[in-house]
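To start, the structure itself, in C-alpha cells.
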Amino acid sequence: MNSPIRIAPSILSCDFARIGDELRRAEAAGADWHHIDVMDGHFVPNLTFGPPVLQAVARAASIPLDVHLMIERPLEWIARYAQARPEVLTFHIEAVDSLPAAREVVNAIHAAGVPKAGVSVRPNTPIAAVEPLLADLDLVLVMSVEPGFGGQSFRPETLSKARRLRELGWTGIVEVDGGVNAHTLQACVAAGCDALVSGSALYSEHDMTAAVARFRALAAEVSARGSHVA
Ligand code: DX5
Ligand code: ZN
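Take 265 as the starting number for the sequence shown in this note's numbering and just add one per residue.
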C-alpha cells in the first residue's frame, strides 16, 4: 500500500467549551482531517450535534472534515450535512434496509458535491454487506468498537474486514475508528487501513504534536515492512 496514512482526530474527545481552539490544536499537531461524529440518539444511544454546529466547525477548520453519520434515515439528511462541504460523508450500512437504498444514499452524497462517499460497518456487520457497493465508494469505515462513545477498547477481530477489502483488490480508503492508539495502530496499518481515526488517544495528550508524530512513525514502520501482516 503506497497511499499516505491519514490521521483524523475525533472531536468527540475534545473540550467542547473551546472547540475552535481544539480544532486549531489538532491542525497544529499535523492532523490530516477532523473526524466529526454525528449521533442522533436513535441509531446509537448517544447524541452529539447537527448541521448548524457542523457548519460552525467547518467555518473554524482549515483542514478537511471527515463526517461520520451515526443516524437513522441518512438519505433525508445528506443535503444538509453536505452544506458544510465535508471532504468525506460516511453513513452506516445498518441504517438503510436494502442495497438499493444504500446506493441511493451514495448517489445523494456524490450529487451533493461531496468529494468522497463512505459507508461504515459496525463490529458485527460482515464486510459482505458493503461489497456490492465498493465500485461506487471512496471510503469504507471499519468500526473497531460499537459506535456511540469514545474511549472504548479496540476489537482486533474487526481488522479481518480491512484485510478482506485489500484481498479483493479494493484501492479506496479503508478507515478504522474506535480504540486506535499507539498500541493498536500498527495492526490497523498492517491490515490495510490507511485512515486512522483517534479520539481519546490524541485529544487527551498534552502534546498532540508529539502524539501525531508518533502515530506517523509507527505507521511508517509497518509500511516500510512492505506487506500486510496478518
Ligand atoms: C465512536 C466514534 C469514534 C470515537 C473514537 O462511536 O465513531 O470516532 O470518537 O474515539 P476513541 O478513539 O476514543 O475510541
Ligand atoms: Zn467516528
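Ideal Cβ placement from N, Cα and C applies to all residues, glycine included.
One alpha carbon belongs to Gly414, the other to Gly433, and they sit about 31 Å apart. If you measure from each CB to the nearest heavy atom of the ligand ZN, the residues under 6 Å come out as Ser274, His299, Asp301, His332, Asp441 and Val461. In terms of side-chain proximity, the C-beta atom of Pro309 is found no nearer than 8 Å to any non-hydrogen atom of the ligand DX5. Looking at Pro420, Arg478 and Val378, the one whose alpha-carbon comes closest to that of Ala293 is Arg478.
A straight line joining the alpha-carbon of Val394 with that of Val383 spans about 8 Å.
Contact annotation: Asp458 and Glu439 have beta-carbon atoms nearer than 9 Å. Closest by C-alpha distance to Leu401, out of Ala392, Ser408 and Lys380, is Lys380.
In the three-state reduction of the DSSP assignment, Glu286 falls in the helix class. In this structure, His306 lies away from His332, with their beta-carbon atoms at least 9 Å apart.
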